[in-house]
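Enquirer:
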Amino acid sequence: MPISIDACVAQHQGDRREQQDRVAILPHPRGGGVALAVVADGMGGHTGGVLAAQQVVHTARDNLERFSARSESARVLLESSINEAHMLIKASRFINEKDPHSTAVMLLLQPGKMSWAHCGDSRFYRFHGDSLVFRSTDHSYVGQLVVQGRVTPEQALVHPHRNILLTSLGGVEAPKIAFGEAEDLQAGDTFLLCSDGLWGYFTDQELAWVIDGASSAREASELLIDRARAMGNGDGDNISLAILKLIDAPPAISGAAGSASSLAAKAAK
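Numbered per full-length UniProt numbering, the sequence shown spans residues 1 to 269.
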């Protein structure tokens, strides 16, 4: 029985001079019910951020093509993709005379299992219906204030230092990577990966309501971008997101995470 998902990637340049985010949903070239979603938010001045974000997606695609779900761990795939992209972004500064950096958030879907990793403040959400199941914790100054209970999530959205990151790809230090996975997937689960240009305008519950109330991943993406653009009031950031709604979620096949199951995905831009 295949994994059946309704999926969409979407972007908007916002009110910035260029689009420095990159987003993709990448099915495994050999099928097996495996797909990788990636969002990268590039930073580093004109063209620098673009190069960094492109490198994240390119590295993830290359590693996915070599990934064997039967014999390799999802954690190794995700963490190596982030670390390798980090090294390549660092190396590019000597060639391009830029100061490129990027965030990264990745979701690997396999039959009966999902695994995610992130670095920076691009986020991963898991919803079931209109309820939040999980949300990644930002690697940012304000994100740590929330963890420490010094500010509320609502206060964090308007905090003057909300854009200060504690780690990213391309910096002097190795990136800090958060990782997680779950094997309790159900039909009705929805996954959202997005840059801060989207989540900065919504509470977690508002995101859940919009996505659950939409008839499709594409409609949800359009609604979210439209509302973020309206709230940006002429000063909106780049927006990038990937939404994956599970229609059917068969259990993992014992001993063969990369089985003959196929991925049936409706993807739209």
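Backbone N, C-alpha and C define an ideal beta-carbon position, used for all residues, glycine too.
What is the rounded straight-line gap between the Cα of Glu-206 and the Cα of Ile-89?
Expert: Taking the sequence shown and counting its residues from 1, the one referred to as residue 206 is at position 206. Taking the sequence shown and counting its residues from 1, the one referred to as residue 89 is at position 89. Their backbone Cα atoms lie some 35 Å apart in a straight line.
Enquirer: Below 8 Å on the Cβ atoms is my contact criterion, and I expect Ala-85 with Leu-26 to pass it. Report the Cβ-Cβ distance as a whole number of Å.
Expert: In the sequence shown, residue 85 corresponds to position 85, counting from 1. In the sequence shown, residue 26 corresponds to position 26, counting from 1. With 8 Å as the limit, Ala-85 and Leu-26 do not qualify as a contact, their Cβ atoms being about 14 Å apart.
Enquirer: Go to Asp-41, then tell me how far its beta strand (DSSP E) extends in each direction, as first and last residue.
Expert: Reading the sequence shown from its first residue, position 41 is the one you call residue 41. Residues 35 to 43.
Enquirer: If you draw a straight line from the alpha carbon of Ala-10 to that of Ser-216, how long is it in whole angstroms?
Expert: Here residue 10 is taken as the residue at index 10 of the sequence shown, counted from 1. Here residue 216 is taken as the residue at index 216 of the sequence shown, counted from 1. Rounded to whole angstroms, Ala-10 to Ser-216 spans 13 Å at the Cα level.
Enquirer: Checking the sheet assignment: what are the DSSP bridge partners for Ser-115?
Expert: Numbered from 1 along the sequence shown, position 115 holds the residue referred to as residue 115. Partner(s): Leu-108 and Glu-181.
Enquirer: Assign Val-9 to one of three DSSP states: helix, strand, or coil.
Expert: For the purposes of this step, residue 9 is taken as residue 9 along the sequence shown, with counting starting at 1. DSSP places Val-9 in strand when its eight states are reduced to three.
Enquirer: Grouping DSSP H, G and I as helix and E and B as strand, with all else coil, what is Pro-153?
Expert: Stepping through the sequence shown from its first residue, residue 153 is reached at position 153. Helix.
Enquirer: Go ahead and pull the three-state DSSP assignment for Tyr-141.
Expert: Here residue 141 corresponds to residue number 141 of the sequence shown, with the count starting at 1. Helix, per DSSP.
Enquirer: Are the beta-carbon atoms belonging to Asp-41 and Ser-102 less than 9 Å from one another?
Expert: Numbered from its first residue, the sequence shown carries residue 41 at position 41. Numbered from its first residue, the sequence shown carries residue 102 at position 102. Result yes, Cβ atoms of Asp-41 and Ser-102 sit closer than 9 Å.
Enquirer: When DSSP labels each residue in this structure, what does Ala-267 get in the three-state scheme?
Expert: As a working note, residue 267 is residue 267 in the sequence shown. Residue placement at Ala-267 is flagged as unreliable, the pLDDT there being 37, under the threshold of 50; a coordinate-derived value is accordingly withheld.
Enquirer: Comparing C-alpha positions only, which one of Ala-182, Leu-157, Leu-165 and Asp-189 sits nearest to Leu-198?
Expert: Walking along the sequence shown from the start, residue 198 turns up at place 198. Answer by Cα proximity: Leu-157.
Enquirer: With DSSP collapsed to three states, give me the class of Gly-120.
Expert: For this step, residue 120 is matched to residue 120 along the sequence shown. Reduced to three states, the DSSP call for Gly-120 is coil.
Enquirer: Which same chain residues, not among the five before or five after Asp-212, have their C-beta less than 6 Å away from its C-beta?
Expert: By 1-based counting over the sequence shown, the position of residue 212 is 212. So the qualifying residues of the chain are Gly-129 and Asp-130.
Enquirer: Look up Arg-61 in the DSSP assignment and say whether it is helix, strand or coil.
Expert: In the sequence shown, the residue the question calls residue 61 occupies position 61. In the structure shown, Arg-61 sits in a helix (DSSP, three-state: H, G or I).
Enquirer: Quick one: is Asp-62 buried, meaning 16 or more other Cβ sit within 10 Å of its Cβ, or exposed?
Expert: Taking the sequence shown and counting its residues from 1, the one referred to as residue 62 is at position 62. When all chains shown are included, Asp-62 counts as exposed.
Enquirer: What's the C-alpha gap between Tyr-125 and Gln-155?
Expert: Here residue 125 corresponds to residue number 125 of the sequence shown, with the count starting at 1. Here residue 155 corresponds to residue number 155 of the sequence shown, with the count starting at 1. Going by the C-alpha atoms only, they are around 20 Å apart.
Enquirer: Using only alpha-carbon positions, find the residue among Ile-243, Asp-248, Met-231 and Leu-241 that is nearest to Asp-15.
Expert: For the purposes of this step, residue 15 is taken as the residue at position 15 of the sequence shown. Ranking Ile-243, Asp-248, Met-231 and Leu-241 by Cα distance to Asp-15 puts Met-231 first.
Enquirer: Quick one: measure Cβ to Cβ for Ile-243 and Thr-190, integer angstroms, because I've assumed they're closer than 8 Å.
Expert: Taking the first residue of the sequence shown as 1, we reach residue 243 at position 243. Taking the first residue of the sequence shown as 1, we reach residue 190 at position 190. That belief holds up - the Cβ atoms of Ile-243 and Thr-190 are roughly 7 Å apart, short of 8 Å.
Enquirer: Starting from Val-210 and walking both ways along the alpha helix (DSSP H), at which residues does that stretch end?
Expert: Counting from 1 along the sequence shown, the entry for residue 210 is found at position 210. Taken as a continuous stretch (DSSP letters only), the alpha helix (DSSP H) holding Val-210 covers 204 to 213.
Enquirer: Where does Leu-166 fall in DSSP's three states?
Expert: Here residue 166 refers to the residue found at position 166 of the sequence shown. Coil, per DSSP.
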